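Colleague: Numbering-wise, my numbering puts 130 at position 6 of the sequence shown, and it's gapless, one number per residue.
Just so it is clear, CB atoms sit at the ideal spot from N, CA and C, and this is done for glycine as well.
Small disclaimer: the values here were computed from a predicted structure and weren't measured.
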Amino acid sequence: MSKSEVTSLLVQELIIIRSVTIGDRALIDANAVVICDVPPGATAVGILAKIIEKNQQV
Numbered sequence: 125m126s127k128s129e130v131t132s133l134l135v136q137e138l139i140i141i142r143s144v145t146i147g148d149r150a151l152i153d154a155n156a157v158v159i160c161d162v163p164p165g166a167t168a169v170g171i172l173a174k175i176i177e178k179n180q181q182v
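1. What does the alpha-carbon distance come out to for the pair A150 and D161?
2. Provide the residue(s) that pair with L172 in DSSP beta bridges, ordered along the chain.
3. In chain order, which alpha helix (DSSP H) runs of at least 4 residues are fully inside the stretch 131-156?
4. Quick one: what's got a C-beta closer than 6 Å to N179's C-beta in the same chain, skipping five residues either side?
5. Which same chain residues, not among the five before or five after D153, have their C-beta less than 8 Å away from its C-beta?
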């Protein structure tokens with residue numbers, strides 16, 4: 125994967141609140157409302173997204 129490619133997976137119907145940082149290779153579930161930073165390699169799911177897994181081979 126080249127550096128110019130997007131390295132996080134974001135899906136349809138996603139809401140990200142201003143000033144939230146999504147780390148490289150983060151996975152965000154459909155219909156998630158992200159209100160806090162998602163670290164690199166983490167998986168976040170749910171309305172008011174929760175981190176359920178961290179550091180997936182970042």
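Modeller: In brief:
1. 10 Å
2. Bridge partners of L172: none, in fact.
3. none
4. G165
5. V135, T167, A168, V169, G170 and A173
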